[in-house]
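In the numbering used here, the protein residues as written are 84 to 331.
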């Protein structure tokens with residue numbers, strides 16, 4: 084399959100690209116590829132593109148089968164007019180519209196736990212609960228979720244949204260907050276989830292799941308991902324921090 088990965092030079096995009104490179108023909112899109120490894124560069128097609136340009140999105144998605152949409156400003160502190168409006172909202176609209184016109188069959192896109200972050204920290208959130216963003220970044224991701232649902236149910240283009248938790252918070256020897264441990268997702272687990280979201284048959288054209296690891300205490304429920312995508316996370320932030328680690 085020809086798979087387009089937007090935001091392929093980002094933290095998640097880089098590891099997802101490395102994971103999928105032997106499984107699909109990859110087309111990479113980002114604003115730059117300054118740190119792209121030579122072997123990845125030789126085995127993929129790269130496009131320097133701004134998704135805020137609708138014509139560029141049409142050209143980019145021509146002949147593509149599947150899309151992994153990771154591009155956007157990932158900062159919870161991002162400003163609406165300075166970044167989020169163009170980088171997260173207009174760009175996502177342009178990409179979805181272009182994919183629909185070019186016959187892309189499915190988009191797997193990055194949403195965020197920030198869509199639900201205003202709930203108290205002792206509340207485990209599910210994908211069926213009312214959204215409660217804590218910041219405008221979360222609002223922008225709620226927009227993308229609605230956009231994906233529209234294109235799935237009204238236009239017939241499948242989409243899977245991943246509400247990603249704390250991807251890059253874990254460092255060996257560095258303490259983590261209880262919240263970040265409960266929302267942690269490891270590189271191996273995000274790669275597994277993206278891969279399964281690309282290829283697993285769906286009962287409905289739109290699926291929204293939480294994307295965290297098998298942490299002892301979970302800020303977000305992963306039951307939907309387990310049931311719908313056969314997600315089998317391997318990591319646990321509490322064990323990685325040697326907290327509540329089971330005896331071998």
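Backbone N, C-alpha and C fix where the C-beta goes; we use that ideal spot for every residue, glycine too.
Straight-line gap, residue i to residue j (C-alpha atoms, nearest Å)
i: residue 273; j: residue 314; result: 10 Å
i: residue 325; j: residue 249; result: 18 Å
i: residue 270; j: residue 309; result: 17 Å
i: residue 255; j: residue 86; result: 33 Å
i: residue 321; j: residue 181; result: 42 Å
i: residue 231; j: residue 130; result: 23 Å
i: residue 331; j: residue 90; result: Because residue 331 carries a pLDDT of 44, less than 50, the predicted location of this residue cannot be relied on, and no value is offered for it.
i: residue 154; j: residue 105; result: 22 Å
i: residue 128; j: residue 243; result: 24 Å
i: residue 296; j: residue 319; result: 6 Å
i: residue 333; j: residue 258; result: In this structure the chain extends from 84 to 331, so residue 333 is not present and cannot be described.
i: residue 237; j: residue 126; result: 36 Å
i: residue 96; j: residue 192; result: 11 Å
i: residue 189; j: residue 203; result: 34 Å
i: residue 173; j: residue 291; result: 21 Å
i: residue 133; j: residue 317; result: 35 Å
i: residue 286; j: residue 135; result: 32 Å
i: residue 140; j: residue 305; result: 32 Å
i: residue 298; j: residue 183; result: 37 Å
For residue j and residue i, believed in contact at Cβ under 8 Å, the rounded distance
i: residue 88; j: residue 114; result: That pair is no contact at about 14 Å.
i: residue 187; j: residue 149; result: 7 Å
i: residue 118; j: residue 158; result: About 19 Å separates the two Cβ atoms, so there is no contact after all.
i: residue 307; j: residue 210; result: 5 Å
i: residue 147; j: residue 185; result: 7 Å
i: residue 262; j: residue 294; result: Going by Cβ atoms, the distance from residue 262 to residue 294 rounds to 16 Å, so no, they are not a contact pair.
i: residue 215; j: residue 196; result: Their Cβ separation, rounded to whole angstroms, is 11 Å, which puts residue 215 and residue 196 out of contact at 8 Å.
i: residue 225; j: residue 198; result: 5 Å
i: residue 161; j: residue 168; result: That pair is no contact at about 10 Å.
Where the alpha helix (DSSP H) through residue i begins and ends
i: residue 89; result: Premise fails: residue 89 lies in the beta strand (DSSP E), 85 to 89, not in any alpha helix (DSSP H).
i: residue 278; result: 270 to 282
i: residue 170; result: Careful: residue 170 lies outside any alpha helix (DSSP H) and carries neither H nor E.
i: residue 211; result: Unbroken run through residue 211: none, as it is neither H nor E.
i: residue 126; result: 121 to 126
i: residue 222; result: 219 to 238
i: residue 345; result: In the structure as shown, the chain starts at 84 and stops at 331, and residue 345 therefore has no counterpart that could be examined.
Beta-carbon proximity check, residue i vs residue j, cutoff 7 Å
i: residue 99; j: residue 227; result: no
i: residue 170; j: residue 156; result: yes
i: residue 289; j: residue 265; result: no
i: residue 102; j: residue 84; result: no
i: residue 312; j: residue 283; result: yes
Bounding residues of the beta strand (DSSP E) (the contiguous stretch that carries residue i)
i: residue 96; result: Run containing residue 96: none in the beta strand (DSSP E); it sits in the alpha helix (DSSP H), 94 to 103.
i: residue 265; result: Run containing residue 265: none in the beta strand (DSSP E); it sits in the alpha helix (DSSP H), 261 to 265.
i: residue 192; result: 189 to 195
i: residue 289; result: 289 to 294
i: residue 108; result: 108 to 113
i: residue 149; result: 149 to 152
| query | Should the region 278 to 286 be regarded as contacting the region 207 to 227, the criterion being three or more beta carbon pairs within less than 8 Å? | reply | no
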